[in-house]
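Since the structure comes first, as structure tokens, the remarks are kept for the end.
Chains as they are written, first to last, in my numbering: chain A, 1 to 210; chain B, 1 to 183.
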């Protein structure tokens with residue numbers, strides 16, 4: 001029996017929700033998990049946020065993806081609205097897989113406030129003299145927003161050092177803090193632990209200390 | 001594992017590959033017969049190829065691909081096992097920014113989600129606003145990538161590019177999964 005995952009959508013009209021509900025039914029044969037539309041106030045594995053409606057970022061869902069009529073005007077990872085079926089299929093497939101890997105099911109996800117995630121807007125223009133911590137934090141944030149604790153775990157740096165870097169980047173307007181966990185992107189999960197060792201090995205062969 | 005170098009003619013793809021490669025790069029350079037002859041004697045008509053030996057960990061293949069839209073099909077040749085991309089810009093040319101725009105128009109959708117570095121080559125004495133303008137173009141194409149100044153002839157500069165790509169690669173789940181599947 002496939003797990004049932006909750007999908008919330010914040011700031012969507014009733015007709016948008018009806019359309020999404022019908023699309024989910026059509027996509028069911030192509031997904032490993034069964035996705036069910038739930039009320040925004042309920043616990044959900046994923047929340048679609050209508051950015052055009054100016055929905056407050058302080059949404060309580062840990063995994064959120066923005067949708068907009070003009071997605072290019074928003075952060076990377078924003079989906080087109082009205083939703084396009086191939087994009088939705090890719091998002092649900094990826095989220096379902098990431099949740100399965102995390103060993104969590106949507107119904108069991110803790111809906112308490114997620115730690116404050118940070119999203120990279122742009123790389124600094126001057127990387128001369130950038131610390132190793134800074135480069136690793138920027139690299140990690142390039143592919144997914146993350147909170148300082150997650151970043152520290154991924155980069156192998158101290159939480160305090162990561163927070164110092166984030167403060168500096170935030171001061172320069174290069175990153176923004178997304179209250180409530182920020183926008184979850186399809187690539188939000190980290191690579192397998194063994195991957196870092198492999199890349200380090202490649203770096204060593206090239207004379208680099210990554 | 002592969003690394004792709006993209007950019008307009010004269011941006012330094014062949015030079016950068018030559019600076020990194022353990023072997024003499026295989027190139028497809030021919031004499032220019034059009035307006036490009038004013039800027040350089042030869043140009044690449046297909047792709048460049050170089051290689052870095054990674055010992056028991058395999059090798060890093062280096063491919064140089066033209067930035068023009070008509071060559072986009074070549075990307076499919078290098079896509080399996082592609083670890084990242086370097087977009088080169090001729091910072092000394094008045095049409096360097098146009099070259100970047102054409103490269104982004106051709107490849108941006110393929111580069112999103114990949115480790116990507118934009119390298120401003122021949123950057124001594126370049127217009128200070130160029131890096132800023134390049135960053136704006138990247139944002140317009142929804143690409144997150146560092147923009148750095150390099151001299152593609154210098155191995156240490158080329159190595160700095162590789163270091164940035166590998167640092168970014170450390171955190172890229174998509175490429176990691178692809179590589180692990182291929183092993």
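For each residue, glycine too, the CB sits at the ideal point set by N, CA and C. Since we're looking at a predicted model, the values are computed, not measured.
Grab the span of the alpha helix (DSSP H) containing residue i for me, first residue to last.
i: residue 142 of chain B; result: Note, residue 142 of chain B: premise wrong, no alpha helix (DSSP H); not H, not E.
i: residue 76 of chain B; result: 74–78
i: residue 66 of chain B; result: Counting along the chain, residue 66 of chain B falls outside any alpha helix (DSSP H), though it belongs to the beta strand (DSSP E) covering 59–66.
i: residue 32 of chain A; result: Element bounds for residue 32 of chain A: n/a, residue is neither H nor E.
i: residue 96 of chain A; result: 85–101
i: residue 2 of chain B; result: First-last for residue 2 of chain B: 2–7, but that is the beta strand (DSSP E), not the alpha helix (DSSP H).
i: residue 149 of chain B; result: Where residue 149 of chain B is concerned, there is no enclosing alpha helix (DSSP H), although the beta strand (DSSP E) it sits in stretches over 147–150.
i: residue 125 of chain B; result: Premise fails: residue 125 of chain B is in no alpha helix (DSSP H) and is neither H nor E.
i: residue 182 of chain B; result: 173–182
i: residue 143 of chain A; result: 132–143
i: residue 10 of chain B; result: Run containing residue 10 of chain B: none; DSSP gives neither H nor E here.
i: residue 18 of chain A; result: 14–27
Mind checking if residue i is an interface residue toward chain A, Cβ cutoff 8 Å exclusive?
i: residue 34 of chain B; result: no
i: residue 151 of chain B; result: no
i: residue 132 of chain B; result: yes
i: residue 155 of chain B; result: no
i: residue 107 of chain B; result: no
i: residue 163 of chain B; result: yes
i: residue 172 of chain B; result: yes
i: residue 176 of chain B; result: yes
i: residue 62 of chain B; result: no
i: residue 81 of chain B; result: no
i: residue 95 of chain B; result: no
Nearest chain B C-beta to residue i closer than 8 Å, yes or no?
i: residue 139 of chain A; result: yes
i: residue 80 of chain A; result: no
i: residue 187 of chain A; result: Residue confidence for residue 187 of chain A is low, a pLDDT of 41 falling below 50, so the modelled location carries little weight and cannot support an answer.
i: residue 191 of chain A; result: yes
i: residue 70 of chain A; result: no
i: residue 63 of chain A; result: no
Comparing C-alpha positions only, which one of the options sits nearest to residue i?
i: residue 137 of chain B; options: B/128, B/99, B/161; result: B/99
i: residue 201 of chain A; options: B/88, B/33, B/170, B/107; result: B/170
i: residue 92 of chain A; options: A/11, A/27, A/170; result: A/27
i: residue 129 of chain B; options: B/143, B/149, B/43; result: B/149
i: residue 118 of chain A; options: A/145, A/136, A/96; result: A/145
i: residue 164 of chain B; options: A/123, A/48, A/49, A/34; result: A/123
i: residue 87 of chain B; options: B/76, B/94, B/68; result: B/68
i: residue 78 of chain B; options: B/122, B/107, B/147; result: B/107
i: residue 124 of chain B; options: B/151, B/143, B/142; result: B/151
i: residue 129 of chain A; options: B/111, B/139, B/160, B/103; result: B/160
i: residue 177 of chain B; options: A/10, A/194, A/4, A/23; result: A/194
i: residue 23 of chain B; options: B/43, B/53, B/29; result: B/53
i: residue 11 of chain B; options: B/111, B/93, B/140, B/141; result: B/93
i: residue 180 of chain B; options: B/80, B/7, B/143; result: B/80
i: residue 143 of chain B; options: A/13, A/190, A/177, A/76; result: A/76
i: residue 10 of chain A; options: A/19, A/31, A/51; result: A/51
i: residue 45 of chain A; options: A/63, A/30, A/176; result: A/63
i: residue 76 of chain B; options: B/134, B/4, B/33, B/133; result: B/4
Provide the residue span of the beta strand (DSSP E) that contains residue i, from first to last.
i: residue 32 of chain B; result: Per DSSP, residue 32 of chain B belongs to no beta strand (DSSP E) and is neither H nor E.
i: residue 4 of chain A; result: 4–10
i: residue 53 of chain B; result: 48–53
i: residue 203 of chain A; result: Counting along the chain, residue 203 of chain A falls outside any beta strand (DSSP E), though it belongs to the alpha helix (DSSP H) covering 193–205.
Between residue i and residue j, is the Cβ-Cβ spacing less than 8 Å?
i: residue 48 of chain B; j: residue 26 of chain B; result: yes
i: residue 66 of chain B; j: residue 9 of chain B; result: yes
i: residue 118 of chain B; j: residue 145 of chain B; result: yes
i: residue 16 of chain B; j: residue 158 of chain B; result: yes
i: residue 163 of chain A; j: residue 136 of chain A; result: no
i: residue 141 of chain A; j: residue 127 of chain A; result: no
i: residue 1 of chain B; j: residue 83 of chain B; result: yes
i: residue 33 of chain A; j: residue 96 of chain A; result: yes
Do residue i and the ligand COA come close, with the Cβ less than 7 Å from some heavy atom?
i: residue 60 of chain B; result: This structure lacks the ligand COA, and indeed carries no ligand of any kind.
Assuming residue i and residue j are in contact, meaning their beta carbons sit under 8 Å apart, how far apart are those beta carbons, in whole angstroms?
i: residue 208 of chain A; j: residue 166 of chain B; result: 7 Å
i: residue 98 of chain A; j: residue 81 of chain A; result: Not really, about 22 Å apart at Cβ, beyond 8 Å.
i: residue 30 of chain B; j: residue 14 of chain B; result: Actually they are not in contact, since the Cβ atoms of residue 30 of chain B and residue 14 of chain B sit about 12 Å apart, beyond 8 Å.
Are any of the Cβ atoms in chain C nearer than 8 Å to that of residue i?
i: residue 129 of chain A; result: This model lacks chain C altogether; the protein chains it does include are A and B.
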